[in-house]
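For the sequence shown, position 217 (counting from the first letter as 1) is numbered 217 according to full-length UniProt numbering, and the numbering increases by one without interruption.
Where a beta carbon is used, it is the ideal one built from N, C-alpha and C, also for glycine.
Here the structure comes first, spelled out in structure tokens, and everything after it is commentary.
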Amino acid sequence: MAQAAKRGRPRQGRAVARDLPRDQELLRIAAEVLRERGFRGTRLEDIALEAGISKGSLYHYFESKEEIFERLVANVLSTLSAESGSVRRSLSATERLRKVTERWIKQSAEYPLEVGLLYAELVHLEGPAGEWARAVRRDNLALLREILEDGQATGEFRQANVAILAHQIMGAIGALTEWYHPTGPIKVPTLIEEMTAWILAGVGVQQEPAQSSRDRVSTDGTAEPQALP
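Shown next, in the form of structure tokens:
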């Protein structure tokens, strides 16, 4: 932690990765505070207090709470938008759904604070950041509906209301940020594999029986935990 964080701080700052640039350290701390208190309930003073620095020092890195939020979610939004647009229409509906959900699950698992913050504040966000976030969500839902409609038309998916299915899929992936942590016992590849299989089964895709994760053995000889109950 930088010397500025050690002098006269009223409380112990949160643990952060020491090899991160200082602004990235502060962004990680800000993400935790914003997730706990919400965007409206968080003041710059709260973030400065958790970081162990003065509000004036925080202004050296960020001009406002809005700038902090935009920087936190900008990378997530850009990636979600780019990856959704990269799925080729030449693929079958099943493969398109598989690729889209795998990428979204990976994003949520690797950036739980940022994605969770985005979902929690989506309705309340104002200005360009809010408009961008809602546009990306609308585009992703539209992509899901398109894939589901194509799959139903070709007989790959069961017949069901595509709007309901699309929101169920998005909701399940968004809920990952409430319980999943990448340093926990469930590794990201296992999470992606089992959640994607669950989503495909939910739309009616017939899949080859997979080895149960209860029986899967890791390289060190210990059984890996089941990803989903």
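- Judged by DSSP in its simplified three-state form, Arg-43 adopts coil rather than helix or strand.
- At the C-beta level, Val-100 and Ile-147 come within 8 Å of one another.
- With contacts defined as CB atoms closer than 8 Å, His-181 and Pro-112 qualify as a contacting pair.
- Taking C-alpha positions only, Glu-36 is separated from His-124 by approximately 16 Å.
- Sequence-distant Cβ neighbours of Thr-154 in its own chain, meaning closer than 8 Å and more than five residues away, are Ser-92, Ala-93.
- Close CB contacts of Ala-31 within its chain, under the 7 Å cut and outside five residues either way in sequence, are with Leu-72, Leu-113, Glu-114, Leu-117 (chain order).
- Going by C-alpha positions, Leu-34 is about 36 Å away from Arg-88.
- DSSP, reduced to helix, strand and coil, places Val-123 outside both helices and strands of the structure shown, so it counts as coil.
- Under the Cβ criterion (8 Å, minimum of three pairs), the region 136-146 counts as touching the region 154-168.
- Rounded to whole angstroms, the gap between the alpha carbons of Glu-45 and Glu-149 is 49 Å.
- Inter-residue distance for Phe-62 and Asn-161 is about 45 Å (C-alpha atoms, whole angstroms).
- One thing to note: Ala-133 has its Cβ within 8 Å of the Cβ of Leu-122.
- In this structure, DSSP gives Gly-130 a helical state, which the three-state scheme calls helix.
- In the DSSP assignment, Gly-52 falls outside any alpha helix (DSSP H), carrying neither H nor E.
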